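Sequential numbering of the sequence shown, starting at 278, is according to my numbering.
Ideal Cβ placement from N, Cα and C applies to all residues, glycine included.
Since the model is a prediction, treat every value here as computed from it, not as a measurement.
One structure is given below, encoded as structure tokens.
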Amino acid sequence: MRQSALFTRTLKQAPSDEVSLNSRLLIRGGFIEKTMAGVYNFLPLGLRVLNKIENIVREEMDAAGGQEVYMSALSPVQLWETTGRAEEIDVLFEARGANEASRKKNDNRYILNSTHEELFTPLLQKYVSGYRELPALVYQIQTKFRNEPRARSGLLRGREFRMKDLYSFHRDQEDMYRCYEEMKDAYQKVFERLEVGRDTYISLASGGDFTTDYSHEFQTACENGEDTIFSDTETGECYNEEVAPARVPDENKEEEEFSMEKVHTPDIRTIEGITEFLGVPVSKTVKTLLYEDEDGQVIVALIRGDREVNEEKLFRAVNFRSLRLCAPERVKEVTGAEHGYSGPLGLGEQVEMYVDDSLEGAKNMVVGANETDHHYKNVNWGTDLALPERFCDIKAAEEGDISPASGKEYKVFRASEVGNIFPLNTKFTDSFQYFYDNEDGEKKKVYMASYGMGPTRLMGVLAEKFSDEKGLMWPVSVAPFQVHLLQLPSVSNSQVADQAEEVYTKLKENGVEVLYDDRDDTQAGEKFADADLIGCPYRVVVSERTMKEEKVEIKKREEKEGKMVDFQALMNSLK
Ligand code: ATP
Ligand code: MG
């Protein structure tokens, strides 16, 4: 393609309201343009990159047995009511007539799909009902809509973005998991082809509202990624921070136990307040948090004062249907004290306690006294407070924590979730009453799994990872063009242009994708800067200097110096 024909151009500076590295680079390079926060337009160069990413994804999904379809982006609310997700998904968008005239014609509300379980399940139900037709793997690459609260990470978090979503349907759980494992390999192949294979880690994550099982995320290490990964380098297991099992680093707990004492602590309700007031280290304090389920049954969570509770972990430990922090009035009802003075002593047998292992072996603890304006100090396990049957892990993992599996400190890094796969079991097929007939003509439950991947997020991740201070450095597999050919202007030698045209033609004839900077009103310095910014893997220059030697200059984007080669050698190095 001739650069003179490209209607877009590069920018010297990114717009000041654009804060993420990927979107700043991509906007400057003329790949994308912003409609509004989290919503971008893909320009000719950007669309080429996106299409290449999506084609790689498509090839690997086809190879894994997926059949591609293209589903509607709009759907009736009733479908989402069938699964209960109309009220559950907190980023769901709806669409309806924008003005009175439109609403007069049709006043229905529609969902702008954020994911497609609600459409694929009934689709398959319509066509696939016999055991011979299972398993079935169906996918699409499509635009999704989500009302993301923060959309400041460019392509990493769009309110409108591209997703590849595959859904697999099976006769039983065993076959579902067989496919699940195969799909992990298919995903890794995609990431390898995008040159992020070695930097992409399968991490255990929450199964969401789908299941109490873990789901598996594909997390690509990336400084500006929005997730934090805890990696046990000994076992090789990685966890999203939201589910990482964690132990606090061991401390020396040899210390004399003192006698428990009630202390007057007027108006002191916070951990900082109590440590200051009593002059104790924060590790001696205990947070007592009351939670209740939807029927009002209360449980208590205890954790060391300097740590936070991870509600996901607590939820798993408690095994209630739902769990929420008690409001101050409810706390008062249960403890008899105002909010800020809760403690584990004297709460009665019926309140179950979940004690984080950060408090195991703790001595001379400070706890709320369940009496407004009072705390106890020097509380000790066994003497003042019955040892729990077992300590549990309900803490939010933090850097420096120990992996319980290996006893080693976690390696912690930032990453971006480029894919996520879920064993859904029968969650959706139950909602739609989707059964199949087995060999004996009996109705059996259909098992299902879903597999998401984000091509636009991937494009953002590649821009973040493959770039330097001058601009982008695309991997060959997704670069908008393999070669950026520059014709450098020359006053004294008009043959430079002819020679460049010839190289352009020959490269194209040989199947090389070339962006040809044929602009005759642009200075060499600007052309070089553009080539660095746009980031094609190879830069080829035809100039007065190269003409003298009857050669061209070729340079890899990541190299400092180019080398002079003749045309044949150029072709060879491109191959
Ligand atoms: P996140 O936790 O980052 O919000 P998610 O877990 O809600 O993502 P999934 O429902 O698992 O996302 O979606 C499947 C894939 O789609 C993700 O792994 C990611 O690659 C991509 N994706 C999800 N949300 C976005 C978004 N807002 N912008 C761009 N890509 C996204
Ligand atoms: Mg996810």
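Which whole-angstrom value describes the C-beta separation of residue i and residue j, a residue pair presumed to lie in contact below a C-beta threshold of 8 Å?
i	j	result
Leu327	Pro732	6 Å
Ala808	Leu763	6 Å
His616	Ile551	Rounded, the Cβ-Cβ distance is 14 Å, inconsistent with contact.
Ile671	Ala578	6 Å
Pro766	Asp797	6 Å
Val368	Glu425	6 Å
Val643	Met537	In fact, because the Cβ distance is near 10 Å, the residues do not count as touching under 8 Å.
Phe438	Tyr464	Not quite, the Cβ-Cβ distance comes to about 18 Å (not below 8 Å), so this is no contact.
Met841	Glu821	Rounded, the Cβ-Cβ distance is 13 Å, inconsistent with contact.
Asp843	Lys828	5 Å
Ala682	Glu451	So it is not a contact: roughly 26 Å between Cβ atoms.
Leu600	Asp572	Incorrect: roughly 12 Å between the Cβ atoms, too far for contact.
Gly839	Val818	7 Å
Given a threshold of 16 other Cβ atoms within 10 Å of its Cβ, counted over all protein chains shown, does residue i qualify as buried or as exposed?
i	result
Phe397	buried
Gln845	exposed
Ser379	exposed
Asn376	exposed
Asp535	The question names Asp, but residue 535 is Phe in the sequence shown. With fewer than 16 other Cβ atoms within 10 Å, it is exposed.
Ser635	buried
Arg524	buried
Gln417	buried
Tyr516	buried
Ala756	buried
Leu735	buried
Asp442	buried
Asn849	exposed
Gly870	Summary: the structure shown does not reach residue 870, with the chain confined to residues 278 through 852, and so no result is reported for it.
Leu471	buried
Ala482	buried
Ala340	exposed
Gln280	buried
Val296	exposed
Asn697	buried
Asp883	Given a span of 278 to 852 for the chain in the structure shown, any question on residue 883 remains unanswerable.
Leu322	buried
Glu331	buried
Ser619	buried
Gly361	exposed
Please state whether the Cβ-Cβ distance between residue i and residue j is less than 8 Å.
i	j	result
Arg691	His761	no
Met460	Gly729	no
Ala350	Asn390	yes
Arg434	Val316	no
Gly645	Ala614	yes
Phe705	Glu394	yes
Val789	Leu851	yes
Leu298	Glu741	yes
Thr505	Lys685	no
Asp714	Tyr408	yes
Cys456	Val738	no
Pro621	Leu662	yes
Ala291	Ile304	yes
Val559	Asp583	yes
Asn641	Glu532	yes
Phe758	Leu792	yes
Tyr347	Gln419	yes
Ile576	Val608	no
Lys421	Glu337	no
Ala674	Glu503	no
Ser508	Lys721	no
Does the distance between the C-beta of residue i and the nearest non-hydrogen atom of the ligand FAD fall short of 7 Å?
i	result
Asn697	Looking for the ligand FAD in the displayed structure turns up nothing; the ligands present are the ligand ATP and the ligand MG.
For a minimum of 3 consecutive residues, which ranges assigned as the beta strand (DSSP E) are wholly contained in the region 752–822? 760–764, 791–794 and 815–819
Ignoring anything shorter than 3 residues, give me the beta strand (DSSP E) runs that lie fully in the region 359–391, in order along the chain. 370–372 and 387–389
Quick one: which unbroken beta strand (DSSP E) runs of 3-plus residues sit fully inside the region 506–562? Chain order, please. 515–517 and 538–541
Report the residue ranges of all beta strand (DSSP E) runs contained in full by the region 302–326; include only those spanning at least 3 residues, in chain order. 309–313 and 316–319
As an exercise, report each continuous alpha helix (DSSP H) stretch of at least 4 residues that is fully enclosed by the region 443–504, in chain order. 450–470
Taking the runs of the alpha helix (DSSP H) that are 4 residues or longer, which of them lie wholly in the region 673–749? 704–708 and 732–742
4 or more residues per run - each alpha helix (DSSP H) lying fully within the region 600–661: 605–612
Threshold first: 3 residues or longer. Then list the beta strand (DSSP E) segments lying entirely within the region 565–600, N to C. 575–581
Which runs of the beta strand (DSSP E) fall wholly inside the region 395–439 and span at least 3 residues, in chain order? 413–422
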